[in-house]
Structures are given as C-alpha cells and as structure tokens.
Amino acid sequence: MAIEKVGVVGCGLMGSGIAQVAAQAGYPVTVREVSTQLLEKGLQSIEKNLGRLVEKGTIAAVDRDQIRGRLRGTTNVDDLKDCDIIIEAIIEQLPAKRELWSALDKICPKSAIFASNTSSLSITEMATFTQRPDRFLGLHFFNPVPVMKLVEVIRTIATDPKVFEEVVAFAGKLGKTPVRTTDRTGFIVNRLLVPYILDAVRALEEGVASIEDIDNSMKLGCGHPMGPLTLLDFVGLDTTYYIANIMFDEFKEKRFAPPPLLKRMVLAGWNGRKAGRGFYDYSDPAKPKAMQLT
Ligand SMILES: NC(=O)c1ccc[n+]([C@@H]2O[C@H](COP(=O)([O-])OP(=O)(O)OC[C@H]3O[C@@H](n4cnc5c(N)ncnc54)[C@H](O)[C@@H]3O)[C@@H](O)[C@H]2O)c1
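Using our numbering, you'd call the opening residue of the sequence shown number 46 and step up by one each time.
In structure tokens:
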C-alpha cells in the first residue's frame, strides 16, 4: 500500500519540522499534540518558517496557502487512524512512547507503518509495544528538520525489508537524503559524533588547549562549520550527557563515557546556548565569550 497520508505525533521542535516538510512535499498531514496550547505553539512555528520562505522567495504565497491547507492539527489521537504512516516525535521517555504506541496500535489498521524519531531509545523495544514489529522502524531526522538534508532510516531484525524500502523512498519524497542503518544506539551520526564531542571536552580537561583553540582547530584545520565545543553548546550539554550515558550503557566502551567536566556543567545547569552559558557565555548572543572552566 502506498504512503498517501501522514500522521505526526508531537508538534515540538522536531514534530513541527517533520509535519512541515511532509506538507511541503504534498502529503496531507495530521499532527497531534497533548494540548491546544502546545499545538498552537507548534503550528505557529511552522507558520513562521513558511512566512520566511515566502519572504525569501523560496515558495510563493499561494504555495504557503496550499501547504497550510494540507496541515491539520488535533489533540485527539483517534484522528490519526486513517494515516498510512505515523511518525512519532514526542518526548524522549520510554513510558510515554509505550503508552502512545500501544494506543495507536489498537486504533490504526494493520497496514499502517509506525516510525519513531527517537535519538537514543531502542526501536526494537518500542516495536514490542505493538502487534506490528514487521511494520515498525526508526526515522531519525535532524534539527532543524526543514534545513537538514539527512534522515537515518533504521530497521530492526523484525522490520519487513519491503516496508523498510518503502520508507526509504518516502524519505526521498520528503526531499531528504535517506541513509540505511540498523537498530544500534546512536545509529550512524551519533555513534561517530558523540565520541568526537566527548573527546573535545577531555582535551580541554587535560589542558591540551583552550576552548577557542580547540574550536578553531576543527573549524580551520578540518573545515567543520563550527568547533566541537560550540556544537555542544548548540545541541545542549544536558541532551548530549543523556545520550552519552545511554550509549555507554549499551556498549560499555570508554569512548561513550561522559567526562567529569561535562557532568559537572550539567549539574550546575550550564547547558549551553539555551541556558545562557555552557562552554561560552551568551550574555551577548552575537558575541559569545569563552568561559574560564579549567
Ligand atoms: N531535538 C533534537 O535535536 C532531536 C533530533 C533528532 C531526534 N530527536 C527526537 O525527537 C523526539 C522529540 O524531540 P523534540 O526535541 O522535538 O522534543 P520537544 O520537547 O520539543 O517536543 C516534544 C513534544 O511532544 C509532545 N508530546 C508529549 N507526549 C505526547 C503525546 N502522547 N502525544 C502528542 N504529543 C506529545 C510534547 O508536548 C512536546 O511538545 C525525541 O524522541 C527526540 O529524541 C530530537
């Protein structure tokens, strides 16, 4: 069965972006939030993004109206029952995902495909909350969704290969570049990125170089758009700490273990850009100033 109608659960940072790109790609989309207030907030961020695209001339005003027309917000989970694929982008907590998937499994036809945007939880474990492990997989988008081209498509040992390829093709139709991977914590990007970022913190801890010199080295020496400590401030120290701990639990390898400095900064609430400080002080967001940490 072809994917014609898309359901998105969660209209936060990721869910709103996923709903936007699916509607932009021509799919009718139903997006569900837990309250009208949160739904409005998510839909407003889509509205703002589309407004910017019109201002820049990327899309015409008439396109924006059509995209809007394809988007339907709801707080009622039953409204997702006629979707061919449901993409889940709710909070990263297993009990919440369990409750959602088992409710959806009861109301959606057997043919519907279920996809989770989780960054760190096991897709295989989530599939056990449903009676359709063969139609369950991961679809991992990157932030900001409308801008970032990559999507990791994740299969478990139980995912039907035909369903997997159907979703790879669907990701292409969303204008993304899909990569195929398997259900190992961190998938491809975080498996490579997290140890690299943690190593940058270790280099700082060990007095190898200053914050600015570590960042400039990777920018100017390797052509990265930003250094690892600036990147860590962007992603959020708390989020990275959480993911690193999950990866360490899974693999028991030192390269995934969060360094003590990272842990202490998270305990202090210095979670990066969103907290006003991390490796840099963002009192003047246009001119971040390196912190004195060691
Ligand atoms: N933030 C990132 O950079 C990023 C990147 C890739 C994947 N992810 C993953 O995407 C998912 C969402 O992350 P986010 O950053 O968008 O979080 P977020 O907090 O911005 O959004 C989550 C939203 O889900 C809503 N929600 C919670 N339970 C719900 C339910 N039962 N039904 C409908 N909505 C519900 C919340 O109200 C909230 O608005 C997580 O699994 C996360 O690991 C995040």
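For each residue, glycine too, the CB sits at the ideal point set by N, CA and C.
> With respect to 6 angstroms, is the separation between the Cβ of Leu83 and the closest non-hydrogen atom of ligand 1 below this value?
Replying inline: Taking the first residue of the sequence shown as 1, we reach residue 83 at position 38. True, at least one ligand heavy atom lies under 6 angstroms from that Cβ.
> Based on Cα-Cα distance, which residue from Val253, Ile256 and Lys319 lies nearest to Thr284?
Replying inline: For the purposes of this step, residue 284 is identified with residue 239 of the sequence shown, where counting begins at 1. Checking every option, the nearest Cα to that of Thr284 belongs to Lys319.
>> With three or more C-beta pairs closer than 8 angstroms as the rule, is the stretch 59-73 touching the stretch 188-195?
In response: Flag = yes, the stretch 188-195 and the stretch 59-73 touch.
>> For ligand 1, I want to know if Thr169 counts as a neighbour, meaning its beta carbon is within less than 6 angstroms of at least one of the ligand's heavy atoms.
In response: Position 124 of the sequence shown, counting from 1, holds the residue named residue 169. Every heavy atom of ligand 1 is 6 angstroms or more from the Cβ of Thr169, so no.
> Excluding sequence positions up to five away, which residues of its chain have a Cβ less than 7 angstroms from the Cβ of Asp278?
Replying inline: The sequence position of residue 278 within the sequence shown is 233, counting from 1. Cβ neighbours of Asp278 beyond the five flanking positions: Gly317, Arg318, Gly323, Phe324 and Tyr325.
> Bridge partners of Lys334, per DSSP?
Replying inline: Within the sequence shown, numbered from 1, the residue matching residue 334 stands at position 289. Note: Lys334 sits in a beta bridge opposite Asp326.
>> Can you check which of these residues, Ser165, Asp127, Asp129 and Lys155, is closest to Lys142 by C-alpha distance?
In response: Indexing the sequence shown from 1 puts residue 142 at position 97. Comparing alpha carbon positions, the residue from Ser165, Asp127, Asp129 and Lys155 closest to Lys142 is Ser165.
> Are there 16 or more other CB atoms within 10 angstroms of the CB of Arg177, so buried, or fewer, so exposed?
Replying inline: To locate residue 177, count along the sequence shown from 1; it is residue 132. Looking at its Cβ environment, which holds 16 or more other Cβ atoms inside 10 Å, Arg177 is buried.
>> Count Cβ pairs between the stretch 106-117 and the stretch 68-84 that sit closer than 8 angstroms; are there 3 or more?
In response: The stretch 106-117 vs the stretch 68-84: in contact.
> What are the boundary residues of the alpha helix (DSSP H) that Ile152 is part of?
Replying inline: Position 107 of the sequence shown, counted from the first residue, corresponds to residue 152. Taken as a continuous stretch (DSSP letters only), the alpha helix (DSSP H) holding Ile152 covers Leu139 to Ile152.
> What three-state label does DSSP hand Glu295 in the structure shown?
Replying inline: Within the sequence shown, numbered from 1, the residue matching residue 295 stands at position 250. Here Glu295 sits in helix by DSSP.
>> Can you tell me where the beta strand (DSSP E) holding Val213 begins and where it ends?
In response: Counting from one through the sequence shown, the residue named residue 213 turns up at place 168. Where Val213 is concerned, there is no enclosing beta strand (DSSP E), although the alpha helix (DSSP H) it sits in stretches over Pro206 to Lys218.
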